[in-house]
Amino acid sequence: MRQRLSKTKTWIAITLVLLGAVLVFAVRKERASAGEFFTAPVDMGSLRTSVNATGAVQTVVTVQVGSQISGQILELYADYNSMVKRGQLLAKIDPRNFQAQVENAQASVAAAQARMIMPGNTFFGGASLGAGAASTLTEEDVQAMVREIQPGQTDDFLVRSLTDVAQASAQVTTLMTVLLGSIAAISLIVGGVGIMNIMLVSVTERTREIGIRMAVGARPNTIRLQFLTESLVLSLAGGAVGVVIGGTLAALVSRVLGWPTLVSALSVLISFAFATAIGIFFGYYPAHKAAALDPIDALRYE
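Read in order, the letters of the sequence shown are residues 9 to 310 in our numbering.
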């Protein structure tokens, strides 16, 4: 009985030893597949701080797990000659401008063209990068950074700033505003002259009527106010017709061409204000001429 119990304990011990050996072998194999060692030398320079990380996965296959990077280091998470782990963050670079060149496995603070060459296939790609900080980079600054290329490489790049595009668009908008304003001013002057001519014809045709009103006691101010009111009504009627036509054309353009249009209440009020000013300004001379007529001469007019 004791011999059987001893044999059972022996087999249990052997089984536990074998299981422990298998477990140790599996752990070592997993660590070896994850990479035996990783180094991250940190070099301090006078102009910038650069980080280079390399490592080996297996003894048969050697790969590069890091790439050369350059730029302004904001934060550094690795000390000199310190051991690092796989996937550990080494440094934080200023994100305002960054250029990836897959062909050389390098990056510089610039933007923005990546090129990757493979046997039998060539791929070209581009990236548009924006500044994450409040400060903006000028075109000269971008060109100065882009020229930080490797020896033997040409600076075949083009820098285009959105500020130039915005300035060109603003100039075109200003030119169109001045052009349309000039056309509107000429139209107002022509319309005012037309109103003045109509009122002068009305004064001439109603000379006897003006004489009769003066003979029965109408004052010159009353005659002047009458013709100013007629001129103002004529001008406001023209302004109302213009607002209706303009709003209709804006709605048609928005519906047919799909362009966004807006007819605000402020623009309508400004239109009627200009119509009032034109009616008073160009109607004052005919009204003053009617008020200055002599009643006797006006009654004799045929």
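Backbone N, C-alpha and C define an ideal beta-carbon position, used for all residues, glycine too.
- Taking a cut-off of 8 Å for Cβ pairs, the region 292-307 and the region 251-262 do not touch, as fewer than three such pairs fall below it.
- For methionine 207, DSSP records no beta bridge to any residue.
- Note that the C-beta distance between leucine 196 and phenylalanine 280 is not below 8 Å.
- Beta-carbon to beta-carbon, serine 243 and glycine 287 are separated by about 3 Å, close enough to satisfy the 8 Å threshold.
- In the three-state reduction of the DSSP assignment, alanine 86 falls in the coil class.
- With fewer than 16 other beta carbons inside 10 angstroms of its own, arginine 263 counts as exposed.
- Contact between glycine 199 and serine 239 fails: their C-beta atoms lie close to 12 Å from each other, not under 8 Å.
- Spanning the alpha carbons of serine 210 and glycine 189 requires a straight line of approximately 31 Å.
- Between histidine 296 and arginine 232, the C-beta gap is smaller than 8 Å, which places the two residues in contact.
- Note on leucine 170: under 16 other CB atoms within 10 angstroms of its CB, so exposed under the neighbour-count rule.
- The continuous alpha helix (DSSP H) containing glutamate 238 extends over residues 228-264.
- By the Cβ-count criterion, methionine 184 is exposed, with fewer than 16 other Cβ atoms from all chains shown falling within 10 Å of its own Cβ.
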